[in-house]
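Numbering (the working numbering), first residue to last: 399 to 547.
Take a look at the structure set out below.
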Amino acid sequence: MEVCPVCGNEVAIDAATCPFCGATVCRETGNGKKLAPLSRTVNLKQGLPVVDVALQRMNGELALAEALGIRVLIFIHGYGSSGKGGRIRDECRKVLDEMVHHRRLRAVIAGEELHRRTGAGKMLLRRFPRLAEDCATVFNNPGVTVAVL
């Protein structure tokens, strides 16, 4: 058994996705070798953290993804209880945009700007076709942000 990197539940070694949260656990080459997962979903709002804690978690996940060779991180930060966008969402996007500016990330795509057939979503799926199933709930969702490493 392996541990799901997203939810922490035990997953069968040969499983490609976690049966609990649906995250991609591993992908295999033609000769059976396991490679790093293509994407990882991170719930930054879990436990209702303050902004600083959520940003620390985000930075830790970015470092881990870089070390593991994960190419796409999907951050769930929520949209805020007021319906106008939350502080975690705003601060995460601000930090991620700075990382793109300093070339630490290749791209950052806001969930509400992510559509399957147009713009950034179409380009993301063209580059990473397997994300179509991993990102089913991400498209047109203002409570998430996608970071491409």
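From the three backbone atoms N, C-alpha and C, an ideal C-beta is built for every residue, glycine too.
Only a predicted model underlies this, so the values are computations on that prediction, with no experimental measurement involved.
- Residue range 505 to 508 is occupied by the beta strand (DSSP E) that includes Ile507.
- 8 Å or more divides the Cβ of Leu462 from the Cβ of Ala545.
- Two segments are said to touch when three or more pairs of C-beta atoms, one from each, lie closer than 8 Å; by this definition the stretch 501 to 520 touches the stretch 532 to 542.
- Counting only residues of its own chain and dropping the five nearest sequence neighbours on each side, Arg504 has a CB closer than 8 Å to the CB of Val498, Val546, Leu547.
- Across the structure, Val506 and Thr543 are spaced so that their CA atoms are roughly 7 Å apart.
- A residue is called buried once 16 or more other Cβ atoms fall within 10 Å of its Cβ, and Leu471 is buried on that count.
- The C-alpha of Ile486 lies about 34 Å from the C-alpha of Ala410.
- Checking the DSSP bridge columns, you'll see Thr439 partnered with Ile472.
- DSSP, read as helix, strand or coil, puts Val451 in helix.
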